[in-house]
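In this note's numbering, the protein residues as written are 1 to 253. These notes concern the structure reproduced below.
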Amino acid sequence: MSISAEQRNEKAYQGLQELTELLKLDTGLHAPPSGDSRPFTIGWGLVAALHRQACAVVLLHRNGLGHEAAPNRRLMIEYMAQLQWLSRDGEDAVDSMNKAFQYSHGKLRKAVDTGGVFTYEDEVAAAADAVAAAVIPPNSANEFNLTTKLLGRLGNGLPEIWASETQHSHSGIAAARVFFDDSLEGTVQLYDCPHYGDAPNPDELSPFVAFMLLYFGMEAFNDLMVGAPWTDELQRIGRAAGLLESAADEMST
């Protein structure tokens with residue numbers, strides 16, 4: 001039996017609250033030994049950021065701004081995907097992420113030096129130089145620093161959903177066209193709120209999407225903790241919120 005978007009979102013609100021309570025537990029007690037903790041540490045940073053994005057999506061939705069949450073949902077997909085990556089490739093994923101950080105940090109340093117508007121303090125400059133000088137061994141996981149490659153590996157419709165959210169996350173025709181209708185010759189209808197015409201409203205299930213992405217991100221982080229302590233609670237929360245177990249199984253394989 002199908003349920004309405006409102007009913008699905010209500011289940012998602014309850015699920016998000018329960019996931020939030022799970023995150024409040026003393027996660028540090030389940031950290032791996034210090035020599036093996038890099039995936040766990042980075043994973044915690046990603047799952048904490050993912051949770052805050054979920055909160056932002058819900059806040060925007062409740063204030064009638066579900067369309068404007070597209071950049072948040074897009075970022076949630078990326079956080080969740082990187083958590084899945086960490087759970088699968090561990091240390092190799094960390095090295096690859098560090099390589100990407102080194103590259104982006106270098107671009108920032110070059111922009112500052114070239115622009116001539118801002119300057120680094122000596123301590124900050126020394127830290128930036130240390131990042132640039134770090135030797136990070138290459139590995140086969142480096143290709144997954146490209147979001148399209150990583151999402152292609154995970155599948156399950158993620159590349160298509162991410163591409164759709166990307167259209168509404170950047171300035172351009174796709175972002176502008178939901179605010180006007182020029183389909184009738186000689187007439188242009190202007191809107192101050194997004195209109196989708198005959199197409200389904202992609203924002204109706206925004207809270208459920210936020211819950212689903214946080215759920216799968218936390219499921220991946222659970223695998224990075226010693227003993228996977230969230231397993232039973234995650235399964236209970238997922239079932240109660242109406243996530244298909246088959247989908248959960250696919251995301252975790």
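Quick reminder that beta carbons are idealized off the backbone N, C-alpha and C, glycines included. Quick caveat, the model's predicted, so the values are computed rather than measured.
Beta-carbon separation (whole angstroms), residue i vs residue j, contact threshold 8 Å
i: Asn139; j: Asp95; result: 6 Å
i: His67; j: His168; result: 7 Å
i: Ala241; j: Ala12; result: 6 Å
i: Leu16; j: Ala210; result: 7 Å
i: Phe208; j: Pro194; result: In fact, because the Cβ distance is near 19 Å, the residues do not count as touching under 8 Å.
i: Arg74; j: Thr166; result: 6 Å
i: Glu91; j: Arg38; result: 6 Å
Cβ-based neighbour list, residue i, same chain, cut-off 7 Å, excluding 5 preceding and 5 following
i: Gly43; result: Leu83, Leu86, Phe221 and Leu224
i: Leu19; result: Leu214, Tyr215, Met218 and Ile237
Buried or exposed (CB count within 10 angstroms, at least 16 for buried), residue i
i: Glu143; result: exposed
i: Asn201; result: exposed
i: Tyr215; result: buried
i: Thr27; result: buried
i: Ser278; result: Absent from the structure is residue 278, since the part of the chain shown begins at 1 and ends at 253.
i: Ala48; result: exposed
CB contact flag (residue i, residue j, <7 Å)
i: Gly238; j: Met80; result: no
i: Asp89; j: Ala134; result: no
i: Arg109; j: Ala127; result: no
i: Val131; j: Gln102; result: yes
i: Gln189; j: Asp181; result: yes
i: Glu204; j: Thr147; result: no
i: Trp162; j: Leu154; result: no
i: Glu233; j: Leu22; result: yes
i: Met76; j: Leu213; result: yes
Cutoff 6 Å; reference residue i; Cβ partners in own chain excluding five residues on either side
i: Asn98; result: Ile136
i: Asn72; result: Gln53, Ala56 and Val57
i: His105; result: Val131
i: Ser206; result: Val57, His61, Gly66 and Ala69
Other residues of its chain near residue i: CB distance less than 8 Å, five sequence neighbours each side excluded
i: Thr119; result: Val112
i: Tyr191; result: Val178, Phe179, Phe180 and Asp181
Within the region 145-226, note down every full alpha helix (DSSP H) run reaching 4 residues or more, in order along the chain. The region 145-226 contains these whole alpha helix (DSSP H) runs: 147-154, 158-167, 173-176 and 206-222.
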